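*Asks:* Take a look at this one; I'll ask things after.
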Amino acid sequence: MQPFVYNSQASRVVFGAGSLRHLVREIDLLGARRALVLSTPEQRSSAEHVAALIGERCAGIFDRAVMHVPIETAREAREVAARLNADCAVAIGGGSTTGLGKAIALESSLPILAIPTTYAGSEMTPIYGITEAGLKKTGRDARVLPKTVIYDPELTTGLPAQLSVTSGINAIAHAAEGLYAQDANPVMSLFAEEGIRALAQGLPRVVASPDDIAARSDCLYGAWLCGAVLGSVGMALHHKLCHTLGGSYNLPHAETHTIVLPHALAYNAAAAPDAMHRIARALHATDAAQGVFDLAQSLGVTVALKDIGMPADQLDRCAGIATQNAYANPRPVERGAIRALLEDAYQGKRPA
Ligand code: NAD
736 MQPFVYNSQA SRVVFGAGSL RHLVREIDLL GARRALVLST PEQRSSAEHV AALIGERCAG
796 IFDRAVMHVP IETAREAREV AARLNADCAV AIGGGSTTGL GKAIALESSL PILAIPTTYA
856 GSEMTPIYGI TEAGLKKTGR DARVLPKTVI YDPELTTGLP AQLSVTSGIN AIAHAAEGLY
916 AQDANPVMSL FAEEGIRALA QGLPRVVASP DDIAARSDCL YGAWLCGAVL GSVGMALHHK
976 LCHTLGGSYN LPHAETHTIV LPHALAYNAA AAPDAMHRIA RALHATDAAQ GVFDLAQSLG
1036 VTVALKDIGM PADQLDRCAG IATQNAYANP RPVERGAIRA LLEDAYQGKR PA
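Quick note, the sequence shown lines up with residues 736 to 1087 if you use the working numbering.
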């Protein structure tokens, strides 16, 4: 066995169908009395439900979370939290809402209680992102890691089937890259393989029956494990490409991950055979890259960048941005080969 370093992250996880009912107990355990409830405008009714559940412990609702945490929204939310004298943030929603909570915590150290309703996994990471003047800056800070996470699969039945699939494959991407991370360790590799397995088993059942709580539980359990991997070990080529595509061309987050992952895995396959073996085994496939591609395609989501608004004439520029700075990856990152990868992803070609 290779020597390794393993850092456990201190967060409390409460998991199970109906576990939202423990919210008051969990706020009390944080020692908080005045919770600011965060959501997107679309999930305002979920925020209101939470507010009603916690009654006098609710200091207010801020329902303007949007993708990529614009600095203006972060400032506004910080001001609201300070004005209301909030002593914790309850973030109900996906990565955008959790991300807003993180932007508040970064300056105020306000504890975050996250209630994830997608599979993005932000709730398990100390990574934050804030967008200023069109540029998304990300960083790591222990203060932004949610102290408590309530995973209630009942809250995910409203996540549309297609978004469930792309969000689930977004989670699989964290685990897949975690398996070949430079700082991979055996504990996170167990999380990664089990996370992929749970999502690969759960997603087809969610598509067949979005209200299936057992299937939703498998997916949310997988998302938790994959999110923990993202928070614990370094990501590589796949996440770099998706960050470039999302940041420079405003492509939708989960869909972009779903389209790029098979190609990033094909690119790295020969350089990371053990990781590929474990990904394929978790997917019940013979090949990791093809397994992810087939999972996405069989569940009816798009597998081509050209379908989600990527401009054809930007592939060269994108390859340039993504290869500008050196970063850890199992196979050296070469501009020509990355350009070819992007072409395959653009066309939606099945990896060979
Ligand atoms: P999202 O949070 O933007 O949600 C997408 C849409 O789905 C929103 O309108 C939301 O209100 C809605 N939605 C969420 N849950 C729903 C449900 N159960 N039912 C119905 N509608 C629901 O999407 P996301 O993919 O979860 O998050 C993407 C963002 O999170 C990106 O900005 C990404 O960079 C960030 N992210 C950060 C980290 C991290 O570690 N910092 C990790 C993953 C993602």
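The beta carbon of each residue, even a glycine, is placed where N, CA and C say it ideally should be.
Nothing here was measured: the structure is a model prediction, and the numbers come from that model.
Tell me the DSSP bridge mates of C823?
*Replies:* By 1-based counting over the sequence shown, the position of residue 823 is 88. Note: C823 sits in a beta bridge opposite A770.
*Asks:* Need the endpoints of the alpha helix (DSSP H) that G748 sits in, please.
*Replies:* The residue you call residue 748 lines up with position 13 of the sequence shown. Contrary to the premise, residue 748 reads as Val rather than Gly in this sequence. Per DSSP, V748 belongs to no alpha helix (DSSP H); it is in the beta strand (DSSP E), R747 to F750.
*Asks:* Is M1045 near the ligand NAD, judged by its Cβ being under 6 Å from some heavy atom?
*Replies:* Your numbering for residue 1045 matches position 310 in the sequence shown. Outside the cutoff, so no.
*Asks:* Run through the stretch 797-872 for me and flag every whole alpha helix (DSSP H) of 4 or more residues, listed as ranges in chain order.
*Replies:* Entirely contained in the stretch 797-872, the alpha helix (DSSP H) runs reaching 4 residues are, in chain order, 806-818 and 830-843.
*Asks:* Any idea if A849 is buried or exposed, counting beta-carbon neighbours within 10 angstroms, 16 or more meaning buried?
*Replies:* Numbered from its first residue, the sequence shown carries residue 849 at position 114. Answer is buried; the Cβ neighbour count reaches 16.
*Asks:* With distances taken from CA atoms, which of D1022, L894, A1005 and A1057 is nearest L980?
*Replies:* Sequence index remark: in the sequence shown, residue 980 carries index 245 (1-based). Ranking the options by Cα distance to L980, first place goes to A1057.
*Asks:* Which stretch, first to last residue, makes up the alpha helix (DSSP H) that contains T901?
*Replies:* Here the question's residue 901 lines up with position 166 in the sequence shown. Its alpha helix (DSSP H) spans residues A896 to L914.
*Asks:* So what does V884 bridge to, in DSSP terms?
*Replies:* Residue 884 sits at position 149 when you count from the first residue of the sequence shown. Answer by DSSP bridge pairing, in chain order: V748 and A849.
*Asks:* Using only alpha-carbon positions, find the residue among E889, K871 and N920 that is nearest to C977.
*Replies:* In the sequence shown, counting from the first residue as 1, residue 977 sits at position 242. Per the Cα distances, K871.
*Asks:* Measure the Cβ-Cβ separation of E836 and A826 and say whether it is below 7 Å.
*Replies:* Position 101 of the sequence shown, counting from 1, holds the residue named residue 836. Position 91 of the sequence shown, counting from 1, holds the residue named residue 826. As written in the sequence, residue 836 is Gly, which differs from the Glu given in the question. Going by C-beta atoms, G836 is nearer than 7 Å to A826.
*Asks:* Where does Y1002 land, buried or exposed, given buried means 16+ other C-beta within 10 angstroms?
*Replies:* Along the sequence shown, one-based indexing puts residue 1002 at 267. Y1002 should be labelled buried.
*Asks:* Should Q778 go down as buried or exposed, given a rule of 16 or more other Cβ atoms within 10 Å for buried?
*Replies:* Here the question's residue 778 lines up with position 43 in the sequence shown. Buried is the call here.
*Asks:* Where do the ends of the alpha helix (DSSP H) carrying E889 lie?
*Replies:* Indexing the sequence shown from 1 puts residue 889 at position 154. Looking at the DSSP string, E889 is not in any alpha helix (DSSP H), and its letter there is neither H nor E.
*Asks:* Contact between the stretch 1007-1016 and the stretch 925-932 is defined here as three or more beta-carbon pairs at a separation below 8 Å; is this criterion met?
*Replies:* In short, these stretches touch, since the Cβ pair count reaches three.
*Asks:* Is any heavy atom in the ligand NAD found nearer than 6 Å to the beta carbon of T852?
*Replies:* To locate residue 852, count along the sequence shown from 1; it is residue 117. The answer is yes for T852.
*Asks:* Applying the criterion that 16 or more other CB atoms from any shown protein chain within 10 Å of the CB defines a buried residue, is E761 buried or exposed?
*Replies:* Taking the first residue of the sequence shown as 1, we reach residue 761 at position 26. Label assigned to E761: buried.
*Asks:* Write down the C-beta distance between L986 and G1044 rounded to the nearest angstrom, noting that I regard them as a contact closer than 8 Å.
*Replies:* Walking along the sequence shown from the start, residue 986 turns up at place 251. Walking along the sequence shown from the start, residue 1044 turns up at place 309. At roughly 6 Å, the Cβ-Cβ gap stays under 8 Å, so L986 and G1044 are in contact.
*Asks:* Could you spell out the range, first to last residue, of the alpha helix (DSSP H) harbouring V964?
*Replies:* The sequence position of residue 964 within the sequence shown is 229, counting from 1. Per DSSP, V964 belongs to the alpha helix (DSSP H) from I948 to S967.
*Asks:* Does the ligand NAD have even one heavy atom less than 6 Å from the beta-carbon of E777?
*Replies:* Start at 1 with the first residue of the sequence shown, and residue 777 comes out as number 42. Indeed, a heavy atom of the ligand NAD lies less than 6 Å from the Cβ.
*Asks:* Hey, A906 and C961: beta-carbon distance below 7 Å or not?
*Replies:* Along the sequence shown, one-based indexing puts residue 906 at 171. Along the sequence shown, one-based indexing puts residue 961 at 226. Cβ atoms of A906 and C961: closer than 7 Å.
*Asks:* Would L890 and T852 be called neighbours here (beta carbons separated by less than 7 Å)?
*Replies:* Position 155 of the sequence shown holds residue 890. Position 117 of the sequence shown holds residue 852. Yes, the pair counts as a contact, with Cβ atoms nearer than the cut-off.
*Asks:* When burial is assigned at 16 or more other CB atoms within 10 Å of the CB, is S899 buried or exposed?
*Replies:* In the sequence shown, the residue the question calls residue 899 occupies position 164. With 16 or more Cβ atoms within 10 Å of its Cβ, S899 is classed as buried.
*Asks:* Pull up the distance between the alpha-carbon of S983 and that of A919, whole angstroms please.
*Replies:* To locate residue 983, count along the sequence shown from 1; it is residue 248. To locate residue 919, count along the sequence shown from 1; it is residue 184. Those two C-alpha atoms are separated by around 29 Å.
*Asks:* Going by the CB atoms, is the gap between I796 and A787 shorter than 7 Å?
*Replies:* Looking up residue 787 in the sequence shown gives position 52. Looking up residue 796 in the sequence shown gives position 61. Their beta carbons are not under 7 Å apart, which means A787 does not touch I796 by this criterion.
*Asks:* Would you kindly report the start and end of the unbroken alpha helix (DSSP H) that includes M1011?
*Replies:* Numbered from its first residue, the sequence shown carries residue 1011 at position 276. Its alpha helix (DSSP H) spans residues P1008 to L1018.
*Asks:* Apply the 10 Å Cβ neighbour rule to F1102 and answer buried if 16 or more other Cβ atoms are within range, or exposed otherwise.
*Replies:* A question about residue 1102 goes unanswered here, because the residues of the chain that appear run from 736 up to 1087.
*Asks:* Give me the residue from D876, H909, L1034 and G874 with the minimum Cα distance to V942.
*Replies:* Within the sequence shown, numbered from 1, the residue matching residue 942 stands at position 207. If we check each option's Cα against that of V942, L1034 comes out closest.
*Asks:* When you compare only the Cα positions, how much space is there between H1012 and L914?
*Replies:* Taking the sequence shown and counting its residues from 1, the one referred to as residue 1012 is at position 277. Taking the sequence shown and counting its residues from 1, the one referred to as residue 914 is at position 179. Cα-Cα distance, rounded: 10 Å.
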